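Data block below; observations after.
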Amino acid sequence: MSSTDAATVKAPGRVDTSAMWSRLRALGRAELTLLMRNKAMLFVALATPALLTVLMRQTASGMNLEGTGLSLGTVLVPGSIGYVLVFAVYANLTGIYVTRREELVLKRLRTGEASDGEILTGSALPSLVLALGQCVLLLGGGAVLLDLAPPERPELVAAGLLLGLLLMVLLAAVSAAFTRTTEASQITTFPFMAISFVGSGVVVPLDVMPDVLANVCSLLPVSPTMELVRNGWVGTLSGMDTVKALTVLVVWIILGTVAVRRWFRWEPRR
């Protein structure tokens, strides 16, 4: 074998990253086209978080924030991130996974070169990009409108946001596994959404809850993201609390990955 031929032989187990990124871009473009055609889903994903943030202002204004280090702005702005994660990524993506499965799109994609992870990631890319853009706009715009100082710990805000986005993708795939139809996804996603809004600090920060309740709620999936974003912004998160929040978040990501591998369904539920 010549040296030229040997150079073209791939090492066993080596991933062709350029081909992988090419497949992800193709999947993402196709999914984005479908998402843009679904005006109702697009409106819910883009408008709902902003509208809920405005509606939450009255609730936040009545909170006793004394001694928490929080202000109206640091309650509302991070709360808007929670709405984006739950609505624009989790709920939206659950419906997308179910629809593509029932239309046999996922089954057909598995016959090609793309791996299972690439298929799920490529389908999620448009939702993730839109959500990330929303988060940047809400964080920046909200900070300006509410006269907030820059984040004290921007690395914690970024870590909470990025890991939270990853977790929402995994949980959406898990929820899709137990959802029979696209219409049913509005029902199957509701319990998680309600628990997240009430107990994860999206509407009511954990800092204003009784200690026992706050400790329990801090173990919910969305809670670590809210703690990292909100308390990372004001710089009140201690070293131990940071480790705890990151640990809980990573544990949920691992559990989500295991659940997707075990339960995600690639063919219609009939």
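Position 264 of the sequence shown, counting from 1, maps to 264 under the UniProt record's numbering, and the rest follow consecutively. No residue lacks a Cβ here, since even glycine has one placed at the ideal position from N, Cα and C. Please read these numbers as outputs of a predicted model, since none were measured by experiment.
Which residue marks the beginning of the alpha helix (DSSP H) containing residue i, and which one marks its end?
i, result
"F190", "F190 to G199"
"F178", "Segment: none, F178 is in no alpha helix (DSSP H) and carries neither H nor E."
"G141", "D116 to L145"
"A19", "T17 to R37"
"R110", "Here R110 belongs to no alpha helix (DSSP H), and DSSP marks it neither H nor E."
Since residue i and residue j are thought to touch, with beta carbons under 8 Å apart, how far apart are those beta carbons, to the nearest angstrom?
i, j, result
"T181", "V98", "7 Å"
"G167", "L249", "Here residue 167 is Leu; the residue named in the question, Gly, does not match the sequence. Correct: roughly 7 Å between the Cβ atoms."
"G127", "L85", "As written in the sequence, residue 127 is Ser, which differs from the Gly given in the question. No, S127 and L85 are not in contact; Cβ-Cβ is about 11 Å, not under 8 Å."
"G95", "M41", "7 Å"
"E102", "P268", "5 Å"
"R110", "G235", "So it is not a contact: roughly 46 Å between Cβ atoms."
"G82", "V216", "Wrong, their Cβ atoms sit about 18 Å apart, outside the cutoff."
"L148", "G73", "4 Å"
"S200", "M226", "6 Å"
"P151", "G67", "At roughly 21 Å, the Cβ-Cβ gap does not stay under 8 Å, so P151 and G67 are not in contact."
"A131", "L27", "Actually they are not in contact, since the Cβ atoms of A131 and L27 sit about 17 Å apart, beyond 8 Å."
"P49", "A88", "6 Å"
"W252", "A177", "Their Cβ separation, rounded to whole angstroms, is 16 Å, which puts W252 and A177 out of contact at 8 Å."
"L220", "S238", "The Cβ separation is near 20 Å, so there is no contact."
"V203", "M56", "6 Å"
Does chain C have any CB closer than 9 Å to the CB of residue i?
i, result
"P205", "In the displayed structure, chain C is absent; only one protein chain is listed."
Check whether the Cβ of residue i sits closer than 8 Å to any heavy atom of the ligand SAH, and report yes or no.
i, result
"L70", "Absence of the ligand SAH from the depicted structure is noted, as is the absence of any ligand whatsoever, leaving it without description."
The segment 159–171 / the segment 74–89 touching (three or more Cβ pairs under 8 Å): A contact exists between the segment 159–171 and the segment 74–89.
Counting pairs of beta carbons, one from the segment 249–261 and one from the segment 171–180, are three or more of them closer than 8 Å? Contact between the segment 249–261 and the segment 171–180 is present, because at least three Cβ pairs lie under 8 Å.
Completely contained alpha helix (DSSP H) runs for the segment 39–91, where each covers 4 or more residues: Along the segment 39–91, the alpha helix (DSSP H) occurs as fully enclosed runs of 4 or more residues at 39–61 and 72–83, listed in sequence order.
Run through the segment 202–269 for me and flag every whole alpha helix (DSSP H) of 4 or more residues, listed as ranges in chain order. Scanning the segment 202–269 for uninterrupted alpha helix (DSSP H) segments of 4 residues or longer gives 211–217, 223–234 and 239–263, listed from N- to C-terminal end.
Can at least three beta-carbon pairs, one atom from the segment 144–155 and one from the segment 58–69, be found at a separation below 8 Å? Judged by Cβ distances under 8 Å, the segment 144–155 makes no contact with the segment 58–69, as fewer than three pairs qualify.
For the structure I just gave you, are there three or more beta carbon pairs, one from the segment 180–200 and one from the segment 27–47, closer than 8 Å? Result no; under three Cβ-Cβ pairs closer than 8 Å.
Contact between the segment 24–40 and the segment 112–128 is defined here as three or more beta-carbon pairs at a separation below 8 Å; is this criterion met? A contact between stretches requires three or more CB pairs, one per stretch, nearer than 8 Å, and the segment 24–40 meets this requirement with the segment 112–128.
Looking at C-beta atoms only, is the number of pairs between the segment 113–124 and the segment 19–28 that lie closer than 8 Å three or more? Yes, since at least three Cβ pairs between the segment 113–124 and the segment 19–28 fall closer than 8 Å, the two stretches touch.
Touch check for the segment 133–141 and the segment 197–210: three-plus C-beta pairs under 8 Å? Touching, no.
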